[in-house]
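Here the structure is laid out as structure tokens; the discussion comes afterwards.
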Amino acid sequence: MNQLLERIAEMVVKGRTDINSPYPPELAGQEGCNELTREALEAGIPPNDVLTLGLVAGMKTVGDRFRDGVIFLPEVLMAARALNAGFEHLKPLRRSGAIKAKGTIVIGTVAGDLHDIGKRIVTLFFEGGGWNVIDLGVDVPASRFAQAIEEHHPMAVGLSTLLTTTMSSMESIARELKSRFPDVKLVVGGAPITRKFAEQIGADAYSPDPQGALDFLNRSLS
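For the sequence shown, the numbering used here assigns the number 1 to the initial residue and increments by one for each residue that follows.
Structural data, given as structure tokens:
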């Protein structure tokens with residue numbers, strides 16, 4: 001692999017956003033994902049390689065370590081911030097068609113729940129993995145999910161909740177969407193959600209971590 005791409009992946013893993021970032025302190029004054037991604041593109045490295053062999057490779061390592069309990073949420077948040085800094089350089093290329101998205105995913109926190117952080121992290125994993133993500137935000141009813149499906153024709157819909165009190169909301173939304181759009185895959189997640197509950201409400205996939213959800217998309221849909 002190109003050494004520049006290896007450095008991009010390393011900076012994602014270490015959560016280094018740019019040269020001015022104070023984190024991690026042992027890398028003070030060194031370039032981060034922002035500068036390295038720009039340099040890679042200016043050097044003529046194909047954008048898809050920058051995405052998959054640099055940014056995505058780094059976030060895959062982060063996702064695996066988080067799943068295995070080697071790192072925890074603060075480290076994932078720093079890595080996601082670094083990933084986003086690099087990904088900003090690729091967004092114009094995505095819009096121009098120079099980088100082809102694998103498909104479209106609609107995602108949102110279900111009605112009654114205003115929590116956003118988990119969904120935002122999952123969104124960054126999906127975008128970094130090459131998917132186009134339509135983020136509907138929080139407190140999203142079934143009607144808005146349905147409208148987004150009809151408008152954007154996604155391959156999958158992601159439902160998130162952090163509250164046990166809104167699990168019933170997730171269930172009703174999931175059942176309505178599966179009834180109306182049986183071909184659209186339904187992915188669910190959040191702190192109170194279990195695999196048993198996901199199966200009970202008819203979801204196609206459940207993961208306790210973002211990497212597992214991304215792996216499902218890549219394995220089943222791309």
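The beta-carbon is built from N, C-alpha and C at its ideal position, and this holds for glycine as well.
For L159 and V188, which I take to be in contact (beta-carbon distance under 8 Å), what is that distance rounded to the nearest angstrom?
Start at 1 with the first residue of the sequence shown, and residue 159 comes out as number 159. Start at 1 with the first residue of the sequence shown, and residue 188 comes out as number 188. Between V188 and L159 the Cβ distance is about 5 Å, and since that is below 8 Å, they are a contact.
Judging by CA-CA distance, which residue of A174, M155, P210, H152 is the nearest neighbour of V140?
Here the question's residue 140 lines up with position 140 in the sequence shown. With distances taken between Cα atoms, V140 lies closest to A174.
Determine the closest residue to E180 out of E199, K196, A146, T161, with distance taken between C-alpha atoms.
In the sequence shown, the residue the question calls residue 180 occupies position 180. Checking the displayed sequence, the identity of residue 180 turns out to be Arg instead of Glu. Checked all of E199, K196, A146, T161; the closest Cα to R180 is A146.
Cutting at 6 Å between CB atoms, please list the residues of its own chain near P154, excluding the five before and the five after it.
The residue you call residue 154 lines up with position 154 of the sequence shown. Here P154 has T104, I105, V106 as same chain residues with Cβ atoms under 6 Å from its own Cβ, once five neighbours each way along the sequence are excluded.
Quick one, which of L186, G58, I193, S21 has its alpha-carbon nearest Q211's?
For this step, residue 211 is matched to residue 211 along the sequence shown. Per the Cα distances, G58.
If you draw a straight line from the alpha carbon of N34 to that of E6, how long is it in whole angstroms?
The count along the sequence shown starts at 1 and reaches residue 34 at position 34. The count along the sequence shown starts at 1 and reaches residue 6 at position 6. Each residue's alpha carbon lies about 14 Å from the other.
Just the C-alpha distance for P208 and N2, rounded to the nearest angstrom, thanks.
In the sequence shown, the residue the question calls residue 208 occupies position 208. In the sequence shown, the residue the question calls residue 2 occupies position 2. Rounded to whole angstroms, P208 and N2 show a C-alpha spacing of 33 Å.
Can you confirm whether the segment 195-203 touches the segment 42-58 when touching is taken to mean that 3 or more C-beta pairs between the two stretches lie within less than 8 Å?
Here the segment 42-58 does not lie against the segment 195-203, with fewer than 3 beta-carbon pairs under 8 Å apart.
Cα-Cα separation between G108 and G137, rounded to whole angstroms
Along the sequence shown, read from residue 1 onward, the residue named residue 108 stands at position 108. Along the sequence shown, read from residue 1 onward, the residue named residue 137 stands at position 137. Going by the C-alpha atoms only, they are around 5 Å apart.
Sheet register partners of L159 (DSSP bridge)
For the purposes of this step, residue 159 is taken as residue 159 along the sequence shown, with counting starting at 1. BP columns for L159 point to G108, V188.
Taking C-alpha atoms, which residue in A148, G15, E75 lies nearest to V157?
Along the sequence shown, one-based indexing puts residue 157 at 157. Closest option to V157, Cα to Cα, is A148.
DSSP beta-bridge partners for G135?
The count along the sequence shown starts at 1 and reaches residue 135 at position 135. The residue you asked about is not Gly; residue 135 is Asp in the sequence shown. Its beta-bridge partners are I107.
Within the present structure, is the beta-carbon of V122 separated from the nearest heavy atom of the ligand NAP by less than 6 Å?
The ligand content of the structure shown is nil, which means the ligand NAP is not present either.
Report the option in D183, H89, M11 whose CA atom is closest to the CA atom of T61.
The sequence position of residue 61 within the sequence shown is 61, counting from 1. Looking at the Cα atoms, M11 is the closest of the given residues.
For the alpha helix (DSSP H) that contains A80, what are its first and last residues?
Indexing the sequence shown from 1 puts residue 80 at position 80. Its alpha helix (DSSP H) spans residues 73-87.
Could you tell me whether the Cβ atoms of T17 and A79 are closer together than 7 Å?
Locating residue 17 in the sequence shown gives position 17, counting from the first residue. Locating residue 79 in the sequence shown gives position 79, counting from the first residue. Not in contact: T17 and A79 (Cβ atoms no closer than 7 Å).
Buried or exposed for A98, please, with buried defined as at least 16 other CB atoms from any protein chain shown within 10 angstroms of its CB.
As a first step, residue 98 is located in the sequence shown; it is residue number 98 there, counting from the start. Around the Cβ of A98, a 10 Å sphere holds fewer than 16 other Cβ atoms; the residue is exposed.
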